[in-house]
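Have a look at the structure below before the remarks.
In the working numbering, the protein residues as written are 170 to 735.
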């Protein structure tokens, strides 16, 4: 290890320690990741711990039996929570075992940002594996990419609470590391293949989104290798045939194995999404929504939608995020173009690194199209993996003295510097918008008084309680400690909200004499109302709700207001 590498590791270590200190304090005190779905999961765990539910209904192999048997004596919303959590079988058991070993409360274990303690190190290992030190300048690339990954991941869920994302991200990165090792280390190929299979099996039982993310890449790698091999057969060039046949055989074994694992264990068999996608997906619909997304609009329109981009720092965050897309794409396209030029001029041949680069682009296209009917358009590969595969391709490119090589090298250096700067601005901007409005003022401890009032003063046999998605999880956790689950929760929708604002009376008669709750402490700060539908947030109009004649306020404390619909 030379002096440059030692210095870069020391600098990265200092940055890591500072990041950990700030991130842990920020997340724990503000309950950053104790919102929405993680709240719901905590409620599920508390219901299990207090004997309301068992885990017998969870399915390990949903392909064989995808029918979920849920106790119908629970309210429809509690049944819905049990159904949702049945997708995360391995995580449920992992969480419960961790809790038994550590004796940490559910709330604290979910709030702690455990991901930041191990995700940066697996990223560092991945970067050091993919960027060989065959050039002193690669030390600079390693450091810049490591620093960028450390900062950028603070804007994602990878560092967050002990919910789904951190452990799933770890499994995905381990899988990616094994793919690199599998293709490059012939003598250890069997070992890394075994680890890859285990990681993918765990992902299948853990979280389908990142399983599909890795599956799309592996299938894309197989597709590109197959096409190259077929092309080589037409040229009758024996060297090419031998080389591309090697790529084809390696990718075939991995793709077939991972496809079988995915089909067998993925919990999407419980969902109707595949049928809905094939029936409703339209390429023009996708393109129009993708363009709206990239322009800063809301691709899936919902009345009263809140957009963090309307905030000053939210607008800065969005613009910087778009620029991250631009420079991340440049960091991959420049090495690809350089390699195509060298291949065409006979200076180089197609290598594994080139296959990786093309495959990650195809995987991104397939992923964003496949998932857009879930009301989400997510370019997950671009900011996270395009720079990694770009520098991997460049580091394995022939070292030429021509001007194209030097232009590419300094373009990459500039792109990585910009990625570090932009990700720093994104982190600062995101935390000044309460994580884009998703972190509410309301904390779990603030719900005790209002929950006791709602639980004891409403006729739950005959009345329903409409709650926002954030309050729901916190109330379910508290109700798990009572003698009976009796609150009949209804998820707040934009239609409900329109009625409470007085803009629509279509639902008033059907909702009459029922109740709804609002987090007025967050709304008073201009933070949005959480809704389950469309993964959305609704704009805060607290004064309008208070002045609307469709309901009257019957309870409030410092955080939550309870209204009865007239």
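Built from N, CA and C at the ideal position, the CB exists for glycine as well.
On a predicted model such as this, the values are computed, not experimentally measured, just so you know.
field: For residue 729, the residue or residues it bridges with in DSSP
entry: Within the chain shown, the letter at position 560 stands for residue 729. Paired residues: 688.
field: residue 220 versus residue 631: straight-line alpha-carbon distance, rounded
entry: Taking the first residue of the chain shown as 1, we reach residue 220 at position 51. Taking the first residue of the chain shown as 1, we reach residue 631 at position 462. Rounded to the nearest angstrom, the two C-alpha atoms are 25 Å apart.
task: Report all residues from its chain with a CB closer than 6 Å to the CB of residue 580; omit the five preceding and five following residues, and keep chain order.
output: Within the chain shown, numbered from 1, the residue matching residue 580 stands at position 411. So the list reads 503, once near-sequence residues are dropped.
query: DSSP state of residue 592, grouped into three classes?
result: Start at 1 with the first residue of the chain shown, and residue 592 comes out as number 423. In this structure, residue 592 counts as helix in the three-state DSSP scheme.
field: Secondary structure, alpha helix (DSSP H): runs of 4+ residues fully inside the stretch 499-546
entry: Counting whole runs of 4 or more residues, the stretch 499-546 contains the alpha helix (DSSP H) stretches 521-540.
- prompt: Leaving out five residues before and five after residue 541 in sequence, what residues of the same chain have Cβ atoms less than 7 Å from its Cβ?
  reply: Position 372 of the chain shown holds residue 541. Correct list, in chain order: 455 and 458.
task: Can you tell me which of 537, 685 and 300 puts its alpha carbon nearest to the alpha carbon of residue 451?
output: The residue given as residue 451 occupies position 282 in the chain shown. Considering only alpha carbons, the answer is 537.
Bounding residues of the alpha helix (DSSP H) (the contiguous stretch that carries residue 477): The residue you call residue 477 lines up with position 308 of the chain shown. In this chain, residue 477 is not harboured by any alpha helix (DSSP H), its DSSP state being neither H nor E.
query: Counting only runs that start and end within the stretch 407-445, where is the alpha helix (DSSP H) found for 4 or more residues in a row?
result: Those alpha helix (DSSP H) runs which fall completely within the stretch 407-445 and span 4+ residues are 407-434.
field: Of the listed residues 266, 290, 213 and 527, nearest to residue 255 (C-alpha basis)
entry: Numbered from its first residue, the chain shown carries residue 255 at position 86. Of the candidates 266, 290, 213 and 527, the one whose C-alpha sits nearest the C-alpha of residue 255 is 213.
query: From residue 358 to residue 413, what does the alpha carbon distance come to, in whole angstroms?
result: Residue numbering aside, residue 358 sits at position 189 when the chain shown is read from its first letter. Residue numbering aside, residue 413 sits at position 244 when the chain shown is read from its first letter. Distance between the alpha carbons of residue 358 and residue 413 is about 18 Å.
task: To the nearest angstrom, report how far apart residue 687 and residue 602 are at their CA atoms.
output: Indexing the chain shown from 1 puts residue 687 at position 518. Indexing the chain shown from 1 puts residue 602 at position 433. Residue 602 has its alpha-carbon roughly 20 Å from the corresponding atom of residue 687.
Which of helix, strand or coil DSSP assigns to residue 658: Within the chain shown, residue 658 is the residue found at index 489, counting from 1. DSSP places residue 658 in strand when its eight states are reduced to three.
query: What residue range is occupied by the uninterrupted beta strand (DSSP E) comprising residue 636?
result: Here residue 636 refers to the residue found at position 467 when the chain shown is read from its first residue. From DSSP, the beta strand (DSSP E) with residue 636 extends over 634-636.
- prompt: Measuring CB to CB, does residue 265 end up less than 8 Å from residue 252?
  reply: The residue given as residue 265 occupies position 96 in the chain shown. The residue given as residue 252 occupies position 83 in the chain shown. In this structure, residue 252 does not lie closer than 8 Å to residue 265 by Cβ.
- request: Pick helix, strand or coil for residue 699, following the three-state DSSP scheme.
  value: Taking the first residue of the chain shown as 1, we reach residue 699 at position 530. Three-state result, residue 699: strand.
query: Taking the runs of the alpha helix (DSSP H) that are 4 residues or longer, which of them lie wholly in the stretch 311-396?
result: Counting only runs of 4 or more, we get 333-353 and 358-375.
query: Hey, quick one: how far does the alpha helix (DSSP H) through residue 279 stretch, first residue to last?
result: Along the chain shown, read from residue 1 onward, the residue named residue 279 stands at position 110. Per DSSP, the continuous alpha helix (DSSP H) segment holding residue 279 begins and ends at 275-280.
message: Less than 8 Å between the C-beta atoms of residue 329 and residue 289, yes or no?
response: Here residue 329 refers to the residue found at position 160 of the chain shown. Here residue 289 refers to the residue found at position 120 of the chain shown. Cβ distance not < 8 Å, so residue 329 and residue 289 don't count as in contact.
- request: Using beta-carbon positions only, say whether residue 719 and residue 244 come within less than 8 Å of one another.
  value: Position 550 of the chain shown, counted from the start, is the residue given in the question as residue 719. Position 75 of the chain shown, counted from the start, is the residue given in the question as residue 244. In this structure, residue 244 does not lie closer than 8 Å to residue 719 by Cβ.
Coil, strand or helix - residue 736 by DSSP: The structure shown has nothing for residue 736, since the chain only spans 170 to 735.
task: Mind checking who residue 724 pairs with in its DSSP beta bridge?
output: In the chain shown, counting from the first residue as 1, residue 724 sits at position 555. For residue 724, which the question treats as bridged, DSSP gives the partners 731.
- request: Select from 186, 484, 553 and 469 the residue whose C-alpha is nearest the C-alpha of residue 594.
  value: What you label residue 594 is simply residue 425 of the chain shown in a count that begins at 1. Of 186, 484, 553 and 469, the residue nearest in Cα terms is 484.
task: Kindly list the residues whose CB is nearer than 7 Å to the CB of residue 320, restricted to its own chain and excluding five residues on each side of it in sequence; keep chain order.
output: Translated into the one-based positions of the chain shown, residue 320 becomes position 151. Non-local C-beta neighbours of residue 320 in its own chain, meaning closer than 7 Å and more than five positions away in sequence, comprise 589, 592, 593 and 596, ordered along the chain.
- prompt: Can you pull the DSSP bridge partners for residue 707?
  reply: Residue 707 sits at position 538 when you count from the first residue of the chain shown. Answer is 474 and 698, bridged to residue 707.
message: Distance check for residue 291 and residue 622, CA to CA, integer angstroms please.
response: Position 453 of the chain shown holds residue 622. Position 122 of the chain shown holds residue 291. Cα-Cα distance, rounded: 47 Å.
message: residue 341 and residue 560 - do their beta-carbons sit closer together than 8 Å?
response: As a first step, residue 560 must be located in the chain shown, where it is residue number 391. As a first step, residue 341 must be located in the chain shown, where it is residue number 172. Taking a C-beta distance under 8 Å as the contact criterion, residue 560 and residue 341 do not qualify as a contact pair.
- prompt: Cβ of residue 233 within 8 Å of Cβ of residue 434?
  reply: Taking the first residue of the chain shown as 1, we reach residue 233 at position 64. Taking the first residue of the chain shown as 1, we reach residue 434 at position 265. In this structure, residue 233 lies away from residue 434, with their beta-carbon atoms at least 8 Å apart.
query: Taking the alpha helix (DSSP H) that residue 463 falls in, what are its first and last residues?
result: The count along the chain shown starts at 1 and reaches residue 463 at position 294. Looking at the DSSP string, the run of the alpha helix (DSSP H) that includes residue 463 is 452-463.
Residues near residue 646 by beta carbon distance below 8 Å, same chain, minus five either side: Locating residue 646 in the chain shown gives position 477, where the first residue counts as 1. Annotation for residue 646: 208, 211, 212, 215, 275, 276 and 613 place their beta carbon closer than 8 Å to its own, counting only its chain and skipping 5 residues before and after.
message: Using 8 Å as the cut-off, can you tell me whether the stretch 364-384 makes contact with the stretch 514-521, which would need three or more C-beta pairs spanning the two stretches below that distance?
response: With the cut-off at 8 Å, the stretch 364-384 and the stretch 514-521 do not touch.
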